[in-house]
Amino acid sequence: MFKNLEKLKFDVTFPAIPCTLLSIDAKDIMGEEHFDMLKSLCKSMVADLNTMKFIVAHAMVRRNDDDCCNSCEQVREAYKKKGWALTGTHLIDQCMGKEFFQRVIDEEGEGCNIYGSLEVNKVAGNFHFVPGKSLHHSNVHVKDLLSVKSYSYNISHRINRLAFGDYFPGVVNPLDGVHWEHETPNGIHQYFLKAVPTIYTDISGHTVSSNQYSVTEHFKKSEPDQPDSLGVFFFYDFSPIKVTFKESISHFYTS
Numbered sequence: 130m131f132k133n134l135e136k137l138k139f140d141v142t143f144p145a146i147p148c149t150l151l152s153i154d155a156k157d158i159m160g161e162e163h164f165d166m167l168k169s170l171c172k173s174m175v176a177d178l179n180t181m182k183f184i185v186a187h188a189m190v191r192r193n194d195d196d197c198c199n200s201c202e203q204v205r206e207a208y209k210k211k212g213w214a215l216t217g218t219h220l221i222d223q224c225m226g227k228e229f230f231q232r233v234i235d236e237e238g239e240g241c242n243i244y245g246s247l248e249v250n251k252v253a254g255n256f257h258f259v260p261g262k263s264l265h266h267s268n269v270h271v272k273d274l275l276s277v278k279s280y281s282y283n284i285s286h287r288i289n290r291l292a293f294g295d296y297f298p299g300v301v302n303p304l305d306g307v308h309w310e311h312e313t314p315n316g317i318h319q320y321f322l323k324a325v326p327t328i329y330t331d332i333s334g335h336t337v338s339s340n341q342y343s344v345t346e347h348f349k350k351s352e353p354d355q356p357d358s359l360g361v362f363f364f365y366d367f368s369p370i371k372v373t374f375k376e377s378i379s380h381f382y383t384s
């Protein structure tokens with residue numbers, strides 16, 4: 130089935146939330162949903178050759194020991210029996226909960242920069258940065274973390290760049306460079322964007338099909354015991370009207 134897609138490019142910095150506690154989800158009115166997306170995104174974490182070697186070694190332990198392993202301690206014991214050093218336990222399902230908490234502690238005070246692009250349908254939808262939601266992807270529930278430490282999330286952020294489609298001369302992306310400082314702990318910051326399809330043609334006849342957008346915003350405070358009411362949300366829709374810019378020797382005209 131043909132899909133009318135647009136590339137949404139973004140670069141957002143959260144100075145007070147570590148990468149371990151950030152995920153990005155997206156959904157639209159067509160029912161398409163994507164959770165904790167990493168494809169096409171950069172989040173200051175990479176897998177290296179040592180990580181791949183570890184994954185292979187861990188698979189060998191699981192294959193050769195029928196009774197292994199229902200707990201992190203059993204995994205450690207299996208490695209000990211084979212005389213192997215156990216590193217990278219954050220990649221083991223049985224150890225993820227414990228290692229996740231340790232990563233949260235280790236990264237306390239750090240921030241995170243997430244940048245990349247998403248291909249979205251040209252229909253109404255939203256994408257959002259959610260602190261804490263990645264706990265669900267490490268076999269730990271958000272409330273488990275909140276019971277260990279009274280977490281209040283500072284969702285202060287800087288939008289370095291946010292664009293629908295490619296750059297063209299004269300385009301203004303109103304959220305580029307916007308910085309929002311969180312004065313109260315916890316809450317939802319919402320941006321409402323209206324994208325207008327735009328065709329730009331330069332003097333040589335080269336055409337760029339892109340978008341302009343307008344934006345309004347709103348902040349809603351939430352309580353620390355409401356983990357589902359946290360994050361930075363971008364709600365977008367596309368206008369049925371198309372704008373055309375054509376460059377001439379003396380001036381621009383629109384239609």
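Okay, so the sequence shown: first residue is 130 according to our numbering, each after it adds one. C-beta atoms are modelled at their ideal positions from N, C-alpha and C, and glycine is treated no differently.
| Check | Outcome |
| --- | --- |
| Distance, serine 358 Cα to aspartate 366 Cα | 22 Å |
| heavy atom of the ligand PLP below 8 Å from serine 377 C-beta | The ligand PLP is absent from the structure shown, which contains no ligand whatsoever. |
| Continuous beta strand (DSSP E) stretch holding proline 326: start and end | 317-330 |
| Three CB pairs or more closer than 8 Å across the region 332-339 and the region 311-322 | no |
| Histidine 270 to leucine 151 span [Cα, whole Å] | Residue placement at histidine 270 cannot be trusted, given a pLDDT of 41 that sits under 50; the coordinates are not used to answer. |
| Contact belief for threonine 142 with glycine 240 at Cβ below 8 Å, rounded distance in angstroms | 7 Å |
| Contact check, leucine 322 vs valine 249, beta carbons under 9 Å | no |
| Beta-carbon gap between phenylalanine 139 and tyrosine 244 smaller than 9 Å | yes |
| Candidates Pro147, His347 and Ile370, of which the one nearest threonine 327 by Cα | Ile370 |
| Which of helix, strand or coil DSSP assigns to leucine 150 | helix |
| Neighbourhood of histidine 311 by C-beta, 6 Å cutoff - its chain only, sequence neighbours within 5 removed | Asn283, Ile284 and Ser285 |
| Euclidean distance between Cα positions of phenylalanine 362 and isoleucine 332 | 38 Å |
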